[in-house]
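What follows is a short report on a single structure.
There are 2 protein chains.
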Amino acid sequence: MENFQDKISEVVIRRLSDYLRCLNYAKSKGQTLIKSSDISTECGLKSSIIRKDLARFGIFGMKGKGYNIDELIKEIEKILGLNKTKNVVLIGAGNLGTAIIKYQGIKNANFNFVAAFDNNSDKIGKMIDNTKIYSNERLNGFIKKNRIEIVLLTVPSSETIKIVDSLDPKFVKGILNFTSVILPPEKNNIFIHNIDLAKELEVISYCMKKCLS
Amino acid sequence: MENFQDKISEVVIRRLSDYLRCLNYAKSKGQTLIKSSDISTECGLKSSIIRKDLARFGIFGMKGKGYNIDELIKEIEKILGLNKTKNVVLIGAGNLGTAIIKYQGIKNANFNFVAAFDNNSDKIGKMIDNTKIYSNERLNGFIKKNRIEIVLLTVPSSETIKIVDSLDPKFVKGILNFTSVILPPEKNNIFIHNIDLAKELEVISYCMKKCLS
DNA sequence: TGATGTGAATAACTTCACAGCG
DNA sequence: CGCTGTGAAGTTATTCACATCA
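Note that the protein sequences, when read in sequence, are chains A and B.
Numbering follows our numbering, with no gaps: position 25 of the first sequence is 25.
Counting the second sequence from 1 gives a position; our numbering is that position plus 1000.
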């Protein structure tokens, strides 16, 4: 089944993630079966693309009935790698960093914040939920020792580049960058995703403007 | 020039937003001209698509030289509607909501949080930076009175649907939904964008897995 | 009958490659 | 000469539409 997975683009993965939310919601309401058309209305997609996405990974429904929700959840979680806990660290324990650690959705998705790092000596040693804050100086040692592959970056924009360049590509494989500095999708073999809250506002503001005019 | 703007897709707008960050960064370093190939390396894109994106909006550079940074910034800000301040409200003054209000990037982008709303009586009346927290009961009155068009939603997932359904489409035109509940891209003529932090982790985790295997 | 699964058609997006101009 | 601007080509993604099967 694994060989279905070559050449999957990011948009497909993003949709799978949406399906998962939708499925968990349906499950929480006691449903056990779901039609592609149900998922489609919830996610604002055509039902055919949902079936195609799933078929691509060797997931098939029952003709005339739909998909088994439990099975579908399990399969998608496996594809996304959510079946095993992933350790991540957070750099920058400010407001946004703190909020992210406390964000329930991430915990549900099986990501575990094993440490946070910050330069502010008032914060060092403190806890955010169950995550301890360490000095930035200890960052690279910690990453090496604990084989951390994913880093979330919530430092002030002025520090972004310096920190990114200091990360050892031998260990770090992915960065989620929440600062306002745009980074390329890949650097030193590290995958980078930029999440820019301002951009999201700009997009919705443009969509609205376009629609109204 | 405005008639260049029909049929622009969201990905183009997202790129424009990236260009803007990149341009502001270049400007802050004292640059006055920029080549499409400079933007392209920073954003991880091909230079031709940048030129095409800009040409689409009637923005042209100088052959052999590049683009004038100041002009380009002004044009893109105009396209994205960032030239005038937009008033927005936040519903749910928890960790994430607080972090978003304090997030510098959003302030820079000319969005102004005129009020926050929360059910927690301990929070009501308090301030987050310059934004006052009100009771949820006053939400719809406030929106009506102040003609609020954009709402950011950072409440617990269990409250999402109830609140979304309560918003009056006569005034609210866009919702940025930070909860883990997937909402369709449009509902009662209100544009909705879902921002799911867990999804971003899932995507990067998948990309890494795919690359490594 | 009522859903899926999927080839074929269509649409959207990106890249190439090079003419053109300051 | 070094860049832009842009048709044409290539690629990827989505939708249609219908055969299929429990």
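We put the beta carbon where it would ideally sit given N, CA and C, even for glycine.
Per-residue DSSP class, three states only, for residue i
i                  : result
Asn1095 of chain B : helix
Ile150 of chain A  : strand
Lys1086 of chain B : strand
Ala116 of chain A  : strand
Ile1101 of chain B : helix
Ile195 of chain A  : coil
Phe111 of chain A  : strand
Lys1007 of chain B : coil
Ile13 of chain A   : helix
Ser1213 of chain B : Unreliable positioning characterises Ser1213 of chain B in this predicted model, as indicated by a pLDDT of 43, which lies under 50. The coordinate reading is nonetheless provided below. Three-state result, Ser1213 of chain B: coil.
Ile190 of chain A  : strand
Ile1143 of chain B : helix
Ile1204 of chain B : helix
Ile1239 of chain B : The first residue shown for chain B is 1001 and the last is 1213, placing residue 1239 of chain B beyond what the model contains.
Ser1180 of chain B : coil
Bounding residues of the beta strand (DSSP E) (the contiguous stretch that carries residue i)
i                  : result
Leu176 of chain A  : Gly174 to Asn177
Ser1135 of chain B : Thr1131 to Ser1135
Environment of residue i [buried if 16+ CB atoms lie within 10 Å]
i                  : result
Lys162 of chain A  : exposed
Gly1105 of chain B : buried
Lys1086 of chain B : buried
Glu202 of chain A  : buried
Ser17 of chain A   : buried
Val1164 of chain B : buried
Thr41 of chain A   : exposed
Ala115 of chain A  : buried
Asp1053 of chain B : buried
Val155 of chain A  : buried
Ser205 of chain A  : buried
Gly92 of chain A   : buried
Gly1061 of chain B : buried
Asp168 of chain A  : exposed
Gly125 of chain A  : exposed
Asn1194 of chain B : buried
Gly141 of chain A  : exposed
Asp1196 of chain B : buried
Asp214 of chain A  : Limits of chain A in this structure are 1 at one end and 213 at the other, which puts residue 214 of chain A out of reach.
Ala1055 of chain B : exposed
Glu186 of chain A  : exposed
Asn177 of chain A  : buried
Asn1095 of chain B : buried
Glu77 of chain A   : buried
Residue i: first and last residue of the uninterrupted alpha helix (DSSP H) it sits in
i                  : result
Ser1121 of chain B : No alpha helix (DSSP H) contains Ser1121 of chain B, which DSSP labels as neither H nor E.
Val1164 of chain B : Thr1160 to Ser1166
Cβ shell of residue i (< 7 Å), same chain only, five flanking positions each side left out
i                  : result
Met208 of chain A  : none
Ala1109 of chain B : Leu1082
Lys65 of chain A   : Leu33
Cys22 of chain A   : Ile39, Glu42 and Cys43
Asn24 of chain A   : Ile73
Ser157 of chain A  : Thr179, Ser180 and Val181
Own chain, CB closer than 8 Å to residue i, minus 5 neighbours either side, in chain order
i                  : result
Lys173 of chain A  : Glu149, Ile150, Asn189, Ile190 and Phe191
Ala198 of chain A  : Ser180
Leu1212 of chain B : Since pLDDT at Leu1212 of chain B reaches only 48, below the 50 mark, its modelled position is unreliable, and the value read off the structure follows with that caveat. Around Leu1212 of chain B: no qualifying Cβ.
Gln31 of chain A   : Ile69
Lys27 of chain A   : Ile69, Asp70 and Ile73
Lys132 of chain A  : Ala115, Ala116, Gly125 and Lys126
Contact test: residue i Cβ vs the ligand GDP heavy atom, cutoff 6 Å
i                  : result
Phe1191 of chain B : Ligands in the displayed structure: none, and consequently the ligand GDP is not present.
Spatial neighbours of residue i in its chain, beta-carbon cut-off 6 Å, leaving aside the 5 residues before and after
i                  : result
Phe1111 of chain B : Lys1086 and Val1088
Ile50 of chain A   : Ser36, Ile39 and Ser40
Ser135 of chain A  : Ile124
Quiz item: Can you list the alpha helix (DSSP H) stretches of 4 or more residues lying completely in the stretch 1020-1084 of chain B, in chain order?
Solution: Complete alpha helix (DSSP H) runs here, min 4: 1036-1043, 1047-1056 and 1069-1079.
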